[in-house]
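Beneath this line is the structure, given in structure tokens, with notes to follow.
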Amino acid sequence: MKKILTYALIFILGLMFVSIDTHADMGPKPTADILIVGIDEPFYFDVLVYESDDVEPLSTLVVTQNVEYNYYQSDYPSHILNGYQDADGYVSRTLYSSAPAIISKLDATKDEFHLGYFSAPVEFKVVIILEEDDTMIVSKVIERQLFNSKMTFDLSDVDLTTDQFGVGTLEEDIPYNDFTLSLIIRVIITIAVEIFILWVFKYRAFKSYKLAGFINLITQTLLSLFMVMGFYFWGSIFGLFFVLVIGEFIVFIAEIAVYAIYLKEQSHGRAVLYGFVANLVTLILTIFTLGLL
């Protein structure tokens, strides 16, 4: 029995590591949606990213190609941002990024911009260039926390008649309510499934259900918490699968060990088998319900 369980665990972990590699290469990339408020006149939007080396002005051909492939409209303030590098070393992502740096406008009726493929930068500044007089407004540096981030750059209290640097309020929306709901739903579903499997294994004593419920409340709450953090903060699918691999391995071992010692209504072998089957089923269920996150 022990050898069978060991080989099964190794097989499952192997499949999960393959999944991680696949998702890391083919999965979604980080994004950021940035809403600009407090401006009632036309403007250009871009983000500045850090460049350790000094930059030189790019040729007209390179600028044209970068704007054509990466920018949300045909015209771009290259006369201002081509060759521009601020005191902190930040330069235009549209012009100087070594990877595709696509910016799109989400809705023609409002000033919301999407930093998508290849990947939204982790640290950056937002730069606004007013179309009428080339006034430049630059935010402070923000560090993106979420894999799929939503931000607001509020310039309501900023003087837009002169160049301004490190101004406005640039904030990221952290969906704590979604975190909590995802956590609660997953824990409830998992506990219900493992209790049902306990019944299928012909356990009937109240203390058996109490033990299984208590153990799952602890293990699944911790696992779900780290899965939510992995999804939102540590790389979406990649972070989620990484936590799932490590977390499920620990939960497998811990729950089987606890049931082997304390689940005494049936035989020792049945308790171990229950722990294995219950965790295998909930692992499969987790994989098919990742959308809840």
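Residue numbers (my numbering): 108 to 400.
Heads up, the beta-carbon is just placed ideally off N, CA and C, and yes, glycines get one too.
A quick note: this is a predicted structure, and the numbers were derived from the prediction, not measured.
Beta-carbon to beta-carbon, D140 and K257 are separated by about 5 Å, close enough to satisfy the 8 Å threshold.
With fewer than 16 other CB atoms across the displayed protein chains lying within 10 angstroms of its CB, L288 is exposed. Around the Cβ of E301, a 10 Å sphere holds 16 or more other Cβ atoms; the residue is buried.
Here E238 is actually not in contact with Y203; their C-beta atoms are around 22 Å apart, not less than 8 Å. A straight-line Cα-Cα distance of about 25 Å links E279 and L188. Excluding its 5 nearest sequence neighbours in each direction, R377 has no C-beta neighbour in its own chain below 6 Å. Nearest in C-alpha terms to K371, of all of M334, P184 and K309, is K309. Here T138 is actually not in contact with N173; their C-beta atoms are around 19 Å apart, not less than 8 Å. Judged by DSSP in its simplified three-state form, D140 adopts strand. A direct Cα-to-Cα measurement between F356 and R311 gives close to 28 Å. Distance from the CA atom of F359 to the CA atom of G223, rounded to whole angstroms, is 37 Å.
C-alpha of E250 to C-alpha of E230: approximately 4 Å in a straight line. In this structure, Y366 lies near V379, with their beta-carbon atoms less than 8 Å apart.
In the displayed model, A227 falls within coil according to three-state DSSP, outside both helix and strand. Counting the other CB atoms within 10 Å of its CB gives P282 a total below 16, which places it among the exposed residues. With contacts defined by Cβ atoms closer than 8 Å, V198 and V248 do not form a contacting pair.
Secondary structure in the region 154-233: the alpha helix (DSSP H) runs of 4 residues or longer, each lying completely within the stretch, are 167-177, 185-188 and 200-203 in chain order. The beta-bridge partner set that DSSP reports for T276 consists of D261. Distance from the CA atom of H221 to the CA atom of G190, rounded to whole angstroms, is 24 Å.
Per DSSP, I292 is one residue of the alpha helix (DSSP H) stretching across Y283 to V307. As computed with DSSP, N255 is found in a beta bridge with T138. The DSSP-derived three-state label of Y316 is helix.
With contacts defined by Cβ atoms closer than 8 Å, T328 and T389 do not form a contacting pair.
In the DSSP annotation of this structure, the continuous segment of the alpha helix (DSSP H) that includes I391 starts and ends at H375 to F395.
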